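What follows is a short report on a single structure.
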Amino acid sequence: MGIPSKAGMPTRATFIFRPKKRREGPVEQFLIGLRDFAIEKVVSRTPPVFEARWTGKNTCPHCAGEKLRIKDSFWRTIRNISIHGRASRLLVRCHKYRCESCGRYFNTRLAGIKVWSRTTEMLKRNIFQAYNKGVTCKEIADEHRIGVASVERYYHQMMQHKSSHWANRTCPRILGIDEHRFTRRQGFATTFCDLARRRVFDVVKGRSAADMRDFLQSLQGRHKVKVVCIDMNSAYRRLVREWFPNARIVADRFHVIRLVNQHFSELCKAIDEKQLAHGRGGMMRLLLTRRDRLTDSQKERLRTYFADRPDIESLYEFLHDTADLLRVRAQSIDSCRKYVAELLDKIEQLRKTSFAPLRTLGKTLHNWREEVARMFRFTRNNGITEGFHRKMKLIQRRAYGFRNFENYRLRVRVLCC
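So the number in our numbering is just where the residue sits in the sequence shown, counting from 1, plus 2.
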């Protein structure tokens with residue numbers, strides 16, 4: 003490959019294709035993916051190396067002056083996108099200018115290529131897309147004839163570019179808050195999810211208000227948050243009341259029903275230890291399955307079991323009546339009054355029962371009665387947030403884990419929005 007010298011001539015003999023006319027237009031843009039470039043000659047075919055001329059308009063980046071004086075010339079070697087699976091290069095003759103208006107010096111500014119960069123932005127974008135598809139760094143580096151460290155650096159630059167707008171964000175109107183484990187050593191992280199737009203708002207290290215104080219203070223528009231969905235976590239409830247004063251807290255439906263099932267299972271296993279206390283599945287699974295999802299054979303098994311254990315049958319009916327009530331959603335204000343009265347009645351029954359697991363359940367639901375009652379009115383829940391937690395685990399698995407939380411946070415911001 004012949005690299006032009008400062009005098010503008012190749013250093014050694016090489017095959018050069020000279021077109022009859024200097025081409026500038028859609029053909030160049032299609033071939034090299036950049037506008038305002040004209041291909042002067044093909045320096046090499048394997049790998050593809052083009053000598054290109056910048057045809058764009060040069061203006062002073064400091065004062066936008068157009069009266070310029072060329073002080074020096076030099077060649078820039080630019081890595082570009084692959085052509086037919088072969089890494090290509092561009093040789094561009096650039097100039098050092100002096101602006102006659104402000105007297106300042108600058109070099110030629112090329113569209114699609116940052117100052118001092120040796121790689122086009124289109125190549126960085128291709129590397130970013132291949133990286134997200136699961137292609138290994140080694141394969142990307144071999145395809146574009148660059149180092150693995152360069153692949154990581156370009157990917158990180160694209161991540162920062164795509165997340166640059168996050169500094170001016172405002173809090174969403176409907177917010178979901180939940181925790182997930184970052185690493186065993188560094189502990190948990192808290193996810194803030196925009197439930198209306200179905201995207202991650204941010205992820206913060208820690209799960210207490212003290213750990214997230216700096217982040218919460220930096221949030222813009224905290225007073226605009228109207229609804230916050232959380233699981234039955236007292237720490238998150240205190241956090242929302244302190245930092246989002248205008249928000250209404252709604253309990254996550256899945257966690258509430260799961261809590262009911264857990265206490266019911268604990269009581270049933272204590273009553274019928276022989277058939278329910280050991281193993282997974284079996285009769286205990288049938289007792290927890292929704293009544294409208296049971297098959298005929300499963301219903302027959304339950305009838306046979308209840309013939310011997312009528313005490314479990316009464317608990318079973320109460321459990322599913324409560325679970326069906328908790329699944330009610332999107333009701334009008336008048337309908338909510340009826341369901342709230344029914345909910346309070348069931349909570350009172352649980353608090354007065356002689357069974358310790360059910361009394362504990364009743365006490366918990368009583369402490370969260372306002373947040374649970376709002377489930378009848380609102381339809382949003384943290385299912386979206388839990389789904390993003392699954393995607394975050396895939397991001398960690400693909401990277402074989404993270405030690406730097408900010409790198410992990412940067413990837414979550416870009417890939418989960």
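We put the beta carbon where it would ideally sit given N, CA and C, even for glycine. Fair warning: this is a prediction, and the values are worked out from it, not measured in the lab.
Determine the closest residue to residue i out of the options, with distance taken between C-alpha atoms.
i	options	result
Tyr410	Ala191, Cys338 and Ile142	Ala191
Thr48	Met124, Ile80, Ile72 and Arg91	Arg91
Phe378	Val258, Met161, Gln162 and Asp144	Val258
Ala272	Ala89, Ile314 and Trp118	Ile314
Arg371	Gly385, Arg127 and Tyr341	Tyr341
Ser84	Trp118, Tyr107, Leu33 and Lys354	Leu33
Met286	Asp294, Tyr307, Ser299 and Gly389	Tyr307
Phe184	Trp168, Gly208, Leu177 and Leu112	Gly208
Cys419	Glu275, Arg295 and Trp168	Trp168
Leu221	Leu321, Pro174, Asn235 and His322	Pro174
Arg292	Tyr107, Ser267 and Leu321	Leu321
Ala401	Lys135, Trp118, Arg106 and Tyr107	Lys135
Asn369	Arg71, Arg186, Gln131 and Ser236	Ser236
What number of angstroms, rounded off, separates the C-alpha of residue i from the C-alpha of residue j?
i	j	result
His64	Cys104	8 Å
Ile179	Arg305	41 Å
Cys338	Lys116	59 Å
Glu181	Leu269	28 Å
Lys140	Gly87	15 Å
Ala358	Gly364	10 Å
Thr381	Gly35	47 Å
Glu154	Gly114	20 Å
Asn406	Ile397	14 Å
Lys69	Ile80	27 Å
Asp213	Gln219	12 Å
Asn109	Leu197	47 Å
Thr172	Gln188	28 Å
Arg25	Tyr99	In this prediction, Arg25 scores a pLDDT of 47, lower than 50, which makes its location untrustworthy; the coordinate-derived value is nonetheless stated afterwards. Each residue's alpha carbon lies about 25 Å from the other.
Ala309	Ile335	42 Å
Lys23	Glu53	Model confidence at Lys23 stands at a pLDDT of 44, short of 50, so the residue's coordinates are unreliable; what they give is reported in the following sentence. Cα to Cα, the separation comes out at about 14 Å.
Arg120	Ile148	11 Å
Asn170	Lys226	15 Å
Glu244	Tyr238	10 Å
Thr355	Phe404	48 Å
Tyr107	Val45	31 Å
Ser75	Glu408	41 Å
Trp118	Arg111	10 Å
Arg399	Arg392	11 Å
With a 10 Å radius around its C-beta and 16 neighbouring C-beta atoms as the bar for buried, classify residue i as buried or exposed.
i	result
His265	buried
Thr387	buried
Glu302	exposed
Lys73	exposed
Pro312	exposed
Ile129	buried
Asp233	buried
Asn82	buried
Thr193	buried
Thr297	exposed
Ser316	exposed
Asn299	The residue asked about is misnamed: residue 299 is Ser in this sequence, not Asn. The residue in question, Ser299, is exposed, as its Cβ has fewer than 16 Cβ neighbours within 10 Å.
I'd like to know whether the C-beta atoms of residue i and residue j end up nearer to each other than 8 Å.
i	j	result
Glu350	Leu327	no
Val414	Met394	yes
Val374	Ala325	no
Phe217	Val206	yes
Thr57	Phe39	yes
Asn2	Arg255	This structure cannot speak to residue 2, because the chain is shown only from 3 to 419.
Arg361	Leu352	yes
Ala211	Glu145	no
Val137	Ala143	no
Cys195	Phe390	yes
Arg224	Phe203	no
Lys228	Arg250	yes
Arg376	Val242	no
Quick check: is any heavy atom of the ligand GDP less than 7 Å from the C-beta of residue i?
i	result
Trp77	This structure lacks the ligand GDP, and indeed carries no ligand of any kind.
Leaving aside the five residues before and after residue i along the sequence, list all residues of the same chain whose C-beta is less than 6 Å from its C-beta, in chain order.
i	result
Tyr133	Tyr157
Leu290	Asn263
Arg55	Ala40 and Glu42
Ile176	Leu197, Ala198, Val229 and Arg382
Ser152	none
Going by beta carbon distance, what residues of the same chain come within less than 7 Å of residue i, once the five residues before and after it are set aside?
i	result
Arg78	Val94 and Cys96
Arg200	Ile386
Lys126	Tyr156, Gln159 and Met160
Tyr318	Leu289
Pro50	Ile85, Arg88 and Ser90
Ala279	Lys271
Which same chain residues, not among the five before or five after residue i, have their C-beta less than 8 Å away from its C-beta?
i	result
Leu412	His158, Met161, Gln162 and Ser165
Gly67	Thr61, Cys101, Glu102, Ser103 and Cys104
Thr124	Sequence inspection shows Met at residue 124; the Thr mentioned does not correspond to that position. The answer, listed in chain order, is Gly35, Leu36, Asn82, Ile83 and Gly114.
Do we get a CB-CB distance below 8 Å when we pair residue i with the residues of chain B?
i	result
Arg106	Absent here is chain B; the protein component of the structure consists of one chain.
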